[in-house]
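A short worksheet on the structure shown next.
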Amino acid sequence: WHVEKVTDFAGMFQGADGLTDCNKAKMHSSFTSLTLSGTWPYDWSAFECSPPPFPPLRPPSPSPPGIFTNNAALKAAADAYCADASGAEATYGPIAHWDVSRITSMDYLFYGCSSFNGDL
Numbered sequence: 014w015h016v017e018k019v020t021d022f023a024g025m026f027q028g029a030d031g032l033t034d035c036n037k038a039k040m041h042s043s044f045t046s047l048t049l050s051g052t053w054p055y056d057w058s059a060f061e062c063s064p065p066p067f068p069p070l071r072p073p074s075p076s077p078p079g080i081f082t083n084n085a086a087l088k089a090a091a092d093a094y095c096a097d098a099s100g101a102e103a104t105y106g107p108i109a110h111w112d113v114s115r116i117t118s119m120d121y122l123f124y125g126c127s128s129f130n131g132d133l
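Position in the sequence shown (first residue = 1) + 13 = the numbering used here.
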């Protein structure tokens, strides 16, 4: 995700208890870049992600991604993804391909989504 315009990540993953240590490590590494320093509220630096045992298969060509121009639309898509990931993927495309480059706040985006463990 392109999150350079996000100024608030507070509570983004609060209650998202399904995140694996591997996904936490990947997100920590991605979201703690120099441009985001000070805005990423999670310290997941201790988590590690083992490399896959074999080279990963080439992913299929993604469906057209969801393009979000406002926080409400992204929150609705995230809520739909939490309720029914495959249904939301049919509507918005794979969550890893969502275009969030125009979003300025990830406030409580996955709040209460205890089963969330998707790649971003």
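We treat Cβ as the ideally placed atom computed from N, Cα and C, and that holds for glycine.
Query: Secondary structure of Asp112, DSSP reduced to three states; Result: strand
Query: Selection from Thr117, His110, Asp132 and Gly28 that minimises the alpha carbon distance to Lys18; Result: Thr117
Query: Per-residue burial, Asn83 [other beta carbons within 10 Å of its own, 16 or more giving buried]; Result: exposed
Query: Cβ-based neighbour list, Asp132, same chain, cut-off 8 Å, excluding 5 preceding and 5 following; Result: Asn36, Lys39, Ile108 and Ala109
Query: Pair within 9 Å by beta-carbon distance, Phe44 and Leu122; Result: no
Query: Cα-Cα separation, Ser127 to Ala101; Result: 17 Å
Query: Cβ distance (whole Å) where Gly24 is taken to contact Asp120 below 8 Å; Result: 6 Å
Query: Nearest candidate by alpha-carbon position, reference Gly79, set Lys88, Arg71 and Pro72; Result: Lys88
Query: Exposure label - Leu3; buried when at least 16 CB within 10 Å; Result: No answer is possible for residue 3: the residues shown for the chain start at 14 and end at 133.
Query: Pairwise C-alpha distance: Trp111 and Pro72; Result: 16 Å
Query: Supposed close pair Asp34, Phe60 - CB separation, criterion 8 Å; Result: 4 Å
Query: Secondary structure, alpha helix (DSSP H): runs of 4+ residues fully inside the stretch 63-108; Result: 84-96 and 98-105
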